[in-house]
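S.K.: Just so you know, we're using the working numbering here: the sequence shown kicks off at 16 and counts up by one. C-beta atoms are modelled at their ideal positions from N, C-alpha and C, and glycine is treated no differently. The structure follows.
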Amino acid sequence: MNQTHLKHISQHFDLGTPTQAPTRVHGGLLHIMWRLDTDKGSYAIKQLSKDIDLQNEQVIKNYELSEQIASSFIAQNIPGACALSQSDKHLLITDGYGYLVYPWVNAKALDKDEMNEGQALVIARILAKMHLINLCIEGIDQPEFDS
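So this is what it looks like as structure tokens:
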């Protein structure tokens with residue numbers, strides 16, 4: 016990770032002083048993920064792909080909207096993670112690179128063959144609850160239905 020960017024990210028989001036160099040977390044298809052450990056905690060830093068057009072205001076609005084939705088779901092007791100924000104902005108753009116910072120969550124993605132019926136039911140309940148919540152967030156268009 017670019018050290019100048021790391022310093023800017025750490026200061027912007029008040030992450031604290033790094034206790035070691037950030038480590039790359041492998042597994043993503045498009046973006047690069049880093050783990051940063053500081054004297055204040057551990058964080059996941061998502062470095063957006065250079066293929067993302069950060070000059071396009073609609074792209075930036077969509078990233079912000081996505082984090083607002085995540086935050087609203089969390090407020091309704093839906094499990095999830097939301098990017099940190101500063102002055103109501105989640106996405107930090109520096110030198111043409113976009114970054115989102117999340118609290119670090121120790122988790123492991125399950126392979127489809129590892130899932131059991133109980134876990135599937137938990138997921139189904141969460142999805143049902145998400146669909147029952149009427150989010151009123153500027154930027155979310157009302158769904159259109161054919162009659």
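#1: Relative to the C-alpha of L125, which candidate in P118, Y117, A135 has its C-alpha closest?
#2: Can you find the residues in the same chain that come closer than 7 Å, C-beta to C-beta, to M145, ignoring five residues on each side of it along the sequence?
#3: Starting from Q91, trace the beta strand (DSSP E) both ways and give me its first and last residue.
#4: Given a cut-off of 8 Å on the beta-carbon distance, is the pair Y117 and I24 in contact?
#5: Do the CB positions of K104 and E79 come within less than 8 Å of each other?
#6: Assuming D66 and T34 make a contact with CB atoms under 8 Å, what is their CB distance in whole Å?
#7: Name the two residues that bound the continuous beta strand (DSSP E) containing T109.
#8: Using CA coordinates, which residue listed in L63, Q157, W49 is at the minimum distance from S57?
#9: Would you mind reading off the limits of the alpha helix (DSSP H) that contains V137?
#10: In whole angstroms, what is the alpha-carbon distance linking H20 and H27?
#11: Do you know offhand how far N149's Cα is from A96's?
#12: From R140, A59, G43, pick the residue whose C-alpha is nearest to that of V120; which is it?
M.R.: In terms of the structure at hand:
#1: A135
#2: F88, I93
#3: Per DSSP, Q91 belongs to no beta strand (DSSP E) and is neither H nor E.
#4: No, Cβ-Cβ distance for Y117 and I24 is not below 8 Å.
#5: yes
#6: No, D66 and T34 are not in contact; Cβ-Cβ is about 32 Å, not under 8 Å.
#7: 107–109
#8: W49
#9: 132–147
#10: 10 Å
#11: 19 Å
#12: Looking from the CA of V120, the closest CA among R140, A59, G43 belongs to A59.
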